[in-house]
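Undergrad: My structure is below; once you've seen it, I'll send some questions.
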Amino acid sequence: MRLARRKFLHLTAGVTALAGSSRLRAAETDFPNRPVRLIIGYPAGIQPDVIARIVAPAIGEQLGQPVVVENRPGAGTNLGTEFVVRATADGYTLLLVPVATAAANATLYLKLKFNFIRDIMPVASIGGSPLVLVATPSLPATTIPEFIAYAKSHPAQINMASTGVGTAPDLAGELFNMMAGVKLINVPYRTNFMQDLVGGQVQVSFPGVLTVAGYITDGKLRTLGVTGAKRSAAYPDIPAIGEFVPGYEVTSWYGIGAPKDTPLAIVDKINAAVAAAIAAPDTKARLAKLGFETRQMKPAEFGRLIADETKKWEKVVKFSGVKMD
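Printed below as a string of structure tokens:
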């Protein structure tokens, strides 16, 4: 009797496992059969949000279901990341990955409740763009060499607006401090800092081109340089900072991540959808106007980019001496 009961339980367990496996395969095959959420750790209206809202409909068109952008700002994008880390690993909750910020946060924050490289699965790259160093017209510097000279003669007296400690504008400034031998003071904002920058309450910033394009055109801000390894194709008249500070380069990379353990079949499906979306002429053209260059990557390649950026920004964060709880 015991043997029969044991055999029955063994068979029951096998049937249950088989049923669970079948449901998993069905879920992977049917994905997606409802809207997908794309979580952004930034407020609405700034460059990461705009990028997401350009690519999300195009990705949704490829998947056959809407991709809904959801802003969850706070704690240097960590609130949004943690939300995705804790989400069900079924492909229906994705993260817009701001690579530099995610990489820096690993060193910057002392009490993170997640490990980005371990807990977020790299899915696809969207691309990247340089930032731009802008200054209020009242600042007595019109070129990078003049600005460096002025900053050296006024240490810790130039305020630099950013979207938060550890975000791309802050990191670009900290790398500039390290490589140019100056001391700009980061002033982190929870909301849009443009009015304070234009008004002269802060003197410089390293925002995305989209954020300041109108102010540059209107002459309300002065452009000193772009942070890419070379001049931007969209703004060829603006010099690269690296022309005067050899080796200086900051590219604000973005991509898509998912909770760890998301089935590889779903990851591959999303990767293919993102690749097709950013290759679409309309999407590509809209992003190009922002100085944004699309770049397709497979999940493993995107993961290597995140790992490389984590090593790079670890050095910068340690140089800055800043730590966050």
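Count along the sequence shown starting at 1, add 1, and that's the number in our numbering.
Heads up, the beta-carbon is just placed ideally off N, CA and C, and yes, glycines get one too.
What three-state label does DSSP hand Pro189 in the structure shown?
TA: Pro189 falls in the strand class under three-state DSSP.
Undergrad: Check for me: the beta strand (DSSP E) holding Asn116 runs from which residue to which?
TA: Careful: Asn116 lies outside any beta strand (DSSP E) and carries neither H nor E.
Undergrad: Would Leu185 and Ile159 qualify as a contact pair, given that the criterion is a beta-carbon distance under 9 Å?
TA: It is a contact, given that the beta carbons lie within the stated cut-off.
Undergrad: Thinking C-alpha only, which one of Glu250, Thr144, Gly128 is nearest Arg287?
TA: The option with the nearest alpha carbon to Arg287 is Gly128.
Undergrad: Give, in chain order, every unbroken run of the beta strand (DSSP E) that is at least 3 residues long and sits entirely within the segment 187-275.
TA: The qualifying runs are 223-227, 252-260.
Undergrad: Which residues in the same chain as Tyr110 place their Cβ atom closer than 6 Å to its Cβ, once the five residues preceding and following it in sequence are excluded?
TA: Cβ within range, chain order: Met325.
Undergrad: Closer than 8 Å is the cut-off here; do at least three beta carbon pairs connect the segment 255-272 with the segment 151-158?
TA: Touching, no, given that fewer than three Cβ pairs across the two stretches are closer than 8 Å.
Undergrad: Whose C-alpha, out of Tyr151, Thr108, Gly243, is nearest the C-alpha of Val318?
TA: The shortest C-alpha separation from Val318 is found at Thr108.
Undergrad: With respect to the beta strand (DSSP E) encompassing Asn160, which residues constitute its N-terminal and C-terminal limits?
TA: Taken as a continuous stretch (DSSP letters only), the beta strand (DSSP E) holding Asn160 covers 159-163.
Undergrad: At which residues does the beta strand (DSSP E) containing Asn34 begin and terminate?
TA: It is not in any beta strand (DSSP E) - Asn34 carries neither H nor E in the DSSP assignment.
Undergrad: Please specify which runs of the beta strand (DSSP E), each continuous and at least 3 residues long, are wholly inside the segment 71-131, giving them in chain order.
TA: As far as the segment 71-131 is concerned, its whole beta strand (DSSP E) runs of at least 3 residues are 94-99, 121-131.
Undergrad: Only counting the same chain, and skipping five residues up and downstream in sequence, which positions put a Cβ closer than 6 Å to that of Ala88?
TA: The answer, listed in chain order, is Thr94, Pro260.
Undergrad: Considering just the uninterrupted stretch of the beta strand (DSSP E) at Leu134, what are its terminal residues?
TA: Note, Leu134: beta strand (DSSP E), 133-136.
Undergrad: Should Ser233 and Ser130 be called a contact, given that it needs their Cβ atoms to be closer than 9 Å?
TA: In contact: Ser233 and Ser130 (Cβ atoms closer than 9 Å).
Undergrad: Determine the DSSP secondary structure at Val68, reduced to helix, strand or coil.
TA: Val68 falls in the strand class under three-state DSSP.
Undergrad: Excluding sequence positions up to five away, which residues of its chain have a Cβ less than 6 Å from the Cβ of Pro36?
TA: So the list reads Gln66, Pro67, Val69, once near-sequence residues are dropped.
Undergrad: Could you tell me the alpha carbon to alpha carbon distance between Asp120 and Val86, rounded to whole angstroms?
TA: Computed Cα separation, rounded: 6 Å.
Undergrad: In chain order, what residues of the same chain lie with their CB nearer than 8 Å to the CB of Tyr190, ignoring the 5 residues before and after it?
TA: Within the same chain, Tyr190 has close Cβ partners Ala162, Ser163, Thr164, Gly165, Asp197.
Undergrad: Are the beta-carbon atoms belonging to Leu132 and Val227 less than 9 Å from one another?
TA: A contact, by the Cβ cut-off of 9 Å.
Undergrad: Identify, in the order they occur along the chain, each residue of the same chain with its Cβ nearer than 7 Å to the Cβ of Ser23, setting aside the five sequence neighbours on each side.
TA: Residue confidence is low: Ser23 scores 49 on pLDDT, short of 50, so the model does not pin down where it sits. No coordinate-derived value is stated.
Undergrad: Hey, how far is the Cα of Arg73 from the Cα of Ala105?
TA: Each residue's alpha carbon lies about 19 Å from the other.
Undergrad: With 16 as the cutoff for other CB atoms within 10 Å, does Thr284 come out buried or exposed?
TA: So Thr284 counts as buried.
Undergrad: Rounded to whole angstroms, what is the Cα-Cα separation between Ala214 and Thr30?
TA: In a straight line, the C-alpha of Ala214 is about 44 Å away from that of Thr30.
Undergrad: Can you say whether Leu80 is buried or exposed, counting buried as having 16 or more other CB atoms within 10 angstroms of its CB?
TA: Exposed, by the Cβ-count rule.
Undergrad: Beta-carbon separation of Tyr255 and Ile52 under 9 Å?
TA: The answer is yes: Cβ separation under 9 Å.
Undergrad: I need the straight-line Cα distance from Gly46 to Ala152, nearest angstrom please.
TA: Distance between the alpha carbons of Gly46 and Ala152: 31 Å.
Undergrad: Between the segment 289-304 and the segment 267-279, can you find at least three pairs of beta-carbon atoms closer than 8 Å?
TA: In short, these stretches touch, since the Cβ pair count reaches three.
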